[in-house]
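**Student:** For any residue, its number in the working numbering is found by taking its place in the sequence shown, counting from 1, and adding 10. Glycine is no exception: its CB is placed at the ideal position from the N, C-alpha and C atoms. Just dropping this structure here.
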Amino acid sequence: MMKSIALALACATLSSAYDGDATFYGQGGAGQGGACMLERGFNGVGITVAINQAQWDGAGSCGKCIKLTGNGDGSGMTPVTGPIYATVDNLCPECSFGDIDLGLGGDGRWLAHWDFVDCGEARGGWSSVPGQRLRNLRGGVEADASKPLMIGPGMYLMPEGVKDLSEVKALAAHSGNATVMAAEMSEMEAEEVAEGGN
C-alpha cells in the first residue's frame, strides 16, 4: 500500500506544471547571489528567475531549473513566448502562486506556463552523471562516467562506485534538483560519503 502511494505521489510530482504571470525585473536579474546566494551561471544555465513566495519552499527551489513558455497573451511591450530555460536564484515576495519574475530586460505581464525540468535539459541536453546521492536525472550521459565530473567552481558529481578521490577536493551534496557545494573534507571523509555513509 505504501509503495503504491509513494509511486502515485512521484507520478503526480513529475507531471506538475504551473500557470501564472511572467514579469521582468531587469537584465541580469539579481546579479551575483540573489536570495539563493548562488554564483551566477553555476549550473551552466545563464538566465535566472525569481520564484513566488508560495513555491519558494524555504529556499528549496534554489538552483532548480525551469522551462517557461507563453503564447504572447498579456500586456506590455515584450511578449513572452519561449521556451525560456532558467535557474531559480531569487525570491519574488509580491508574486502570486505560479508567477515567475524573469531576470531579463523586458516590460509587461504575460500569461505563462512553466515546470521544473532537469538542468541538463535546460543546458541543451547535457545530463548529469548518476551518482550515489543524485537522482532525478534525464537524458544520456555525455561525460566519462568513470571519473568525478566538475560541474562548476568547486562542485563535482561522483559516479557510482568511484572511490579514487585523488583528483577531487570536494564533493557535491544533493538538495532537490540543485547540486550544491559541500564543505571541503578529508579524503577519508569523502570516501565515507561516496560509500553512502554519514
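Checking the sheet assignment: what are the DSSP bridge partners for Gly30?
**Tutor:** DSSP lists Ala122 as partners of Gly30.
**Student:** List the endpoints of the continuous alpha helix (DSSP H) containing Cys75.
**Tutor:** Unbroken run through Cys75 is the beta strand (DSSP E), 75–79; no alpha helix (DSSP H).
**Student:** Answer yes or no: do Gly115 and Gly30 have a C-beta to C-beta separation smaller than 9 Å?
**Tutor:** No, Cβ-Cβ distance for Gly115 and Gly30 is not below 9 Å.
**Student:** Among Met47, Ala45, Ala122, which one has its Cα closest to the Cα of Ile94?
**Tutor:** Selected option, being the one with the closest Cα: Ala122.
**Student:** For Leu78 and Ala45, what's the separation of their Cα atoms in angstroms?
**Tutor:** Going from the Cα of Leu78 to the Cα of Ala45 covers about 21 Å.
**Student:** State the Cα-Cα distance for the pair Leu101 and Ile57, rounded to the nearest angstrom.
**Tutor:** Roughly 15 Å between the two C-alpha positions.
**Student:** Please state whether the Cβ-Cβ distance between Gly80 and Thr91 is less than 9 Å.
**Tutor:** A contact, by the Cβ cut-off of 9 Å.
**Student:** Between Asp117 and Met87, what straight-line distance do the alpha-carbon atoms span, to the nearest angstrom?
**Tutor:** So the alpha carbons of these two residues sit roughly 5 Å apart.
**Student:** With respect to the alpha helix (DSSP H) encompassing Cys219, which residues constitute its N-terminal and C-terminal limits?
**Tutor:** There is no way to answer for residue 219, as the model of the chain reaches only from 11 to 208.
**Student:** Would you mind reading off the limits of the beta strand (DSSP E) that contains Ala96?
**Tutor:** 94–102 is the extent of the beta strand (DSSP E) around Ala96.
**Student:** Let me know the secondary structure DSSP gives Asp154 once reduced to three states.
**Tutor:** Interpretation of Asp154 is limited by its pLDDT of 46, a score under 50 that renders its predicted location unreliable; no figure is taken from the coordinates.
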